[in-house]
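In the UniProt record's numbering, the protein residues as written are 1 to 311. All C-beta atoms in this analysis are idealised placements derived from N, C-alpha and C, irrespective of residue type, glycine included. All of these numbers come straight from a predicted model, not from anything done at the bench. Read through the structure below, which is laid out as structure tokens, and then see the notes.
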Amino acid sequence: MSSIEEEVKHLQIPLQELSNATSGFSKRNLIGTGGFGKVYQGNSVKHGDIAIKMLDPWQGQGDHEFKTEIALLSVYKHENIVSLLGFCHEDGKKMLVYKHESNGSLDKHLNNPDLTWIQRLHICLDAARGLQYLHGDVEPHRRILHRDVKSSNILLDEHWKAKISYFGLSRMSPANMECTFLISNACGTIGYIDPDYLNTGFLTQKSDVFSFGVVLFEVLCGRLTRVTKYKDKREFLINLVKIHWGRKTLDEIIYSELETQINKLSLLTFSTIAYQCLQSGNERPTMKKVVEQLQKALDYQLVSCCIRLYI
Numbered sequence: 001m002s003s004i005e006e007e008v009k010h011l012q013i014p015l016q017e018l019s020n021a022t023s024g025f026s027k028r029n030l031i032g033t034g035g036f037g038k039v040y041q042g043n044s045v046k047h048g049d050i051a052i053k054m055l056d057p058w059q060g061q062g063d064h065e066f067k068t069e070i071a072l073l074s075v076y077k078h079e080n081i082v083s084l085l086g087f088c089h090e091d092g093k094k095m096l097v098y099k100h101e102s103n104g105s106l107d108k109h110l111n112n113p114d115l116t117w118i119q120r121l122h123i124c125l126d127a128a129r130g131l132q133y134l135h136g137d138v139e140p141h142r143r144i145l146h147r148d149v150k151s152s153n154i155l156l157d158e159h160w161k162a163k164i165s166y167f168g169l170s171r172m173s174p175a176n177m178e179c180t181f182l183i184s185n186a187c188g189t190i191g192y193i194d195p196d197y198l199n200t201g202f203l204t205q206k207s208d209v210f211s212f213g214v215v216l217f218e219v220l221c222g223r224l225t226r227v228t229k230y231k232d233k234r235e236f237l238i239n240l241v242k243i244h245w246g247r248k249t250l251d252e253i254i255y256s257e258l259e260t261q262i263n264k265l266s267l268l269t270f271s272t273i274a275y276q277c278l279q280s281g282n283e284r285p286t287m288k289k290v291v292e293q294l295q296k297a298l299d300y301q302l303v304s305c306c307i308r309l310y311i
């Protein structure tokens, strides 16, 4: 057992409890797979509805990611950060146990016609507040860089409240450091990775801001950042966004189910801050600024809806 596990051994959950909760890790309980391993849904007598992320021993970064998530999520708590209930390291198996978020991940709902513009704004605000907490409100002398912000790492609970998840690639940095130099190759997901990070090897909190800007446009356009079936400019959403932003025809790529809902001021405020997130380096806003502008976009939309009710 590592020193990190020793410090949080009160969070240990017996393997037998997790096996019982998932009917012996049955295929029926398997709800996802990824680079880390498999994710099972279960019901524990003690912890209720849970999601269990089981480490794949063949993944080289698995052990580091396992320890990183335990170290961060056992200490840092926020309503827009996924809740770590505990972990299991037994019989050669390593698992992380979270509260199960019943509406799954945001990427599965991008083209959901029933997800309204107001709901989408609330989701974006929640996620932005989670990142703001990591970037500056954790403690005065530290900041956390997520490093893998994407719609599949934003989970939605039964009330559609958004929570940032997956901290396996995260890094903690002193608040007075402008950036952290990473010797290893850049990590993250194609379509979300900060191009400045790829080009220089320097990672800052503005790298998370870029990735979040991509997510904002996914929400607005109702599609993932990369759609491999396209073999032209449509494959990467950000390419499309830049083309249409320059032509002032952004409305042509907005998700069709949202077109009649969105107030013009709400759209302008939302799209402007989202596009600023995609700029280079210091031209990007802080997450505090992003939160402020998303709140304005929501306020414009709510006022517009109220006016419609009285017309």
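Take residue i as the anchor and find which of the options has the nearest alpha-carbon.
{"i": "residue 316", "options": "V219, K108 and T269", "result": "What is shown of the chain runs 1 to 311, which leaves residue 316 out entirely."}
{"i": "Q276", "options": "V82, G34 and G213", "result": "G213"}
{"i": "T204", "options": "V215, E17, T189 and S170", "result": "S170"}
{"i": "K46", "options": "I13, D251 and V291", "result": "I13"}
{"i": "I81", "options": "I243, Q295 and L131", "result": "L131"}
{"i": "residue 312", "options": "S256, V291 and T22", "result": "The first residue shown for the chain is 1 and the last is 311, placing residue 312 beyond what the model contains."}
{"i": "I273", "options": "S304, S211, S83 and L15", "result": "S211"}
{"i": "T260", "options": "I118, L237, V209 and G281", "result": "I118"}
{"i": "L216", "options": "L96, V149 and P174", "result": "V149"}
{"i": "K248", "options": "Y230, S271 and A51", "result": "S271"}
{"i": "I190", "options": "R226, N263, N239 and W160", "result": "R226"}
{"i": "T68", "options": "M172, S105, F25 and A21", "result": "M172"}
{"i": "S266", "options": "A297, G104, H146 and M287", "result": "A297"}
{"i": "R284", "options": "D194, K231 and N263", "result": "D194"}
Grab me the residues of residue i's own chain with a C-beta within less than 6 angstroms of its C-beta, minus the 5 sequence neighbours each way, in chain order.
{"i": "I183", "result": "Confidence at I183 is low in this model, with a pLDDT of 41, below 50, so the placement of that residue should be treated as unreliable; the coordinate-derived value is given next. Once the five neighbours on either side are set aside, I183 has no close Cβ partner at all."}
{"i": "K94", "result": "L55 and F66"}
{"i": "G32", "result": "V39"}
{"i": "S26", "result": "none"}
{"i": "K229", "result": "none"}
Which partner residues does residue i have in the DSSP bridge list?
{"i": "M172", "result": "I144"}
{"i": "V39", "result": "G32 and K53"}
{"i": "F270", "result": "F270 is not bridged to any residue."}
{"i": "S305", "result": "Reading the sequence as shown, one finds Cys at residue 305 and not Ser. DSSP output for C305 lists no bridge partner at all."}
{"i": "F217", "result": "DSSP output for F217 lists no bridge partner at all."}
{"i": "V97", "result": "I52 and G86"}
{"i": "S152", "result": "Answer is none; S152 lacks a bridge partner."}
{"i": "K163", "result": "L155"}
{"i": "S44", "result": "G48"}
Can you tell me whether residue i is helix, strand or coil according to DSSP?
{"i": "Q279", "result": "coil"}
{"i": "Y187", "result": "Here the sequence assigns Cys to residue 187, which means Tyr is not the residue at that position. Coil at C187, not helix or strand."}
{"i": "F66", "result": "helix"}
{"i": "L224", "result": "coil"}
{"i": "L203", "result": "strand"}
{"i": "Q119", "result": "helix"}
{"i": "D299", "result": "helix"}
{"i": "G130", "result": "helix"}
{"i": "K77", "result": "coil"}
{"i": "G92", "result": "coil"}
{"i": "Q261", "result": "coil"}
{"i": "S105", "result": "strand"}
For residue i, which residues of its own chain have a beta-carbon under 8 angstroms away from its beta-carbon, when the five flanking residues on both sides are left out?
{"i": "D49", "result": "Q41, G42, N43, K99, H100 and S102"}
{"i": "I243", "result": "K233"}
{"i": "K77", "result": "S83"}
{"i": "N282", "result": "K206"}
For residue i, which residues in the same chain have their Cβ closer than 7 angstroms to its Cβ, ignoring the five residues on either side in sequence?
{"i": "L110", "result": "S151, E218, V219, G222, R223 and L224"}
{"i": "residue 313", "result": "Residue 313 is absent from the structure shown; the chain starts at 1 and stops at 311."}
{"i": "T166", "result": "Thr is not the amino acid found at residue 166; the sequence shown has Tyr there. If we look at Y166 and ignore the five residues flanking it on each side, its Cβ neighbours are D148 and N153."}
{"i": "M287", "result": "A128, L131, Q132, H135 and V209"}
Does the distance between the C-beta of residue i and the nearest non-hydrogen atom of the ligand MG fall short of 7 angstroms?
{"i": "H135", "result": "The model on display carries no ligand, and the ligand MG is accordingly not part of it."}
Practice problem: Please determine if the segment 93-109 and the segment 192-208 are in contact, where contact requires at least 3 C-beta pairs separated by less than 8 angstroms. | Solution: no
Quiz item: Looking at C-beta atoms only, is the number of pairs between the segment 115-123 and the segment 146-160 that lie closer than 8 angstroms three or more?
Solution: yes
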